[in-house]
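Everything on this sheet refers to the single structure shown next.
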Amino acid sequence: GENVEQHPSTLSVQEGDSAVIKCTYSDSASNYFPWYKQELGKRPQLIIDIRSNVGEKKDQRIAVTLNKTAKHFSLHITETQPEDSAVYFCPERSHRNQAGTALIFGKGTTLSVSS
Amino acid sequence: DAGITQSPRYKITETGRQVTLMCHQTWSHSYMFWYRQDLGHGLRLIYYSAAADITDKGEVPDGYVVSRSKTENFPLTLESATRSQTSVYFCASRPSGPGINEQFFGPGTRLTVL
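Given below as structure tokens:
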């Protein structure tokens, strides 16, 4: 994306392992940090998000943590399963246009979970 | 409730032809977006619209035209298709208002330009 760096670009894990994907942003004014998942041949869908006044949010096996000081947020997937295999995106609001409401997605991280 | 739909789902056309991809949403969302997805490039924003009759360029607008005469529709036109426009196109919508930021995507249109 414009101001977001996502790492790694690809990640391979064994079923049952944990996976962590990290995004670094540059705009100190950013206050919303979503994660989207896109399975092969499907549309992207929001799986979890966090706002700047919260440090961590969990939803079953997935969690997002935010480090405002270091300007990065991470997606954590525990006990990975084959159905977690997908491309994960951490989009950020575009600041190119006056409304600043468009989300820029970038290339994402391809997660492969092998059984 | 159909949500957000795209048509056609698959399209094959030839270089130089005009092609229009349709996007329709039933939620009355204010914001609508067009993205293209290509291997190695991820999802890239083409155009977006904040409301009827309000549109703006995204990351890769060249070669595309959009209009938004009605809130529920946001067609994307390739005025003279080129092979480099072969891609999967996703339409998306999102409601306006503070604290509402989830973006909903359509199923996509796979376009091949020969």
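Chains D and Y, in that order, give the protein sequences.
The first sequence begins at 1 in the numbering used here and counts up one residue at a time.
The second sequence begins at 1001 in the numbering used here and counts up one residue at a time.
No residue lacks a Cβ here, since even glycine has one placed at the ideal position from N, Cα and C.
Query                                                                                                               : Result
Distance between Ala70/D and Arg61/D (C-alpha atoms, nearest Å)                                                     : 24 Å
For Thr1112/Y: DSSP bridge partner residues                                                                         : Ile1012/Y
Chain D contacts made by the region 1017-1043 of chain Y, where a contact means CB separation under 8 Å             : Tyr1031, Phe1033, Tyr1035, Gly1040, His1041, Gly1042 and Leu1043
Extent of the continuous beta strand (DSSP E) to which Phe1090/Y belongs                                            : Ser1087 to Arg1094
Pick from Gly16/D, Asp27/D, Thr80/D and Gln45/D that is closest to Trp35/D, judged by C-alpha positions             : Gln45/D
Proximity test, Cβ basis, 9 Å: Asp1053/Y and chain D                                                                : no
C-alpha distance - Tyr1089/Y paired with Asp59/D, whole-angstrom precision                                          : 30 Å
Under 9 Å from the C-beta of Pro1107/Y: neighbouring residues of chain D                                            : Lys42 and Arg43
Residues of the region 17-32 of chain D whose Cβ lies closer than 8 Å to any Cβ of chain Y, in chain order          : Tyr32
Beta strand (DSSP E) runs contained entirely in the region 51-84 of chain D, provided each spans 3 or more residues : 56-59, 62-67 and 72-77
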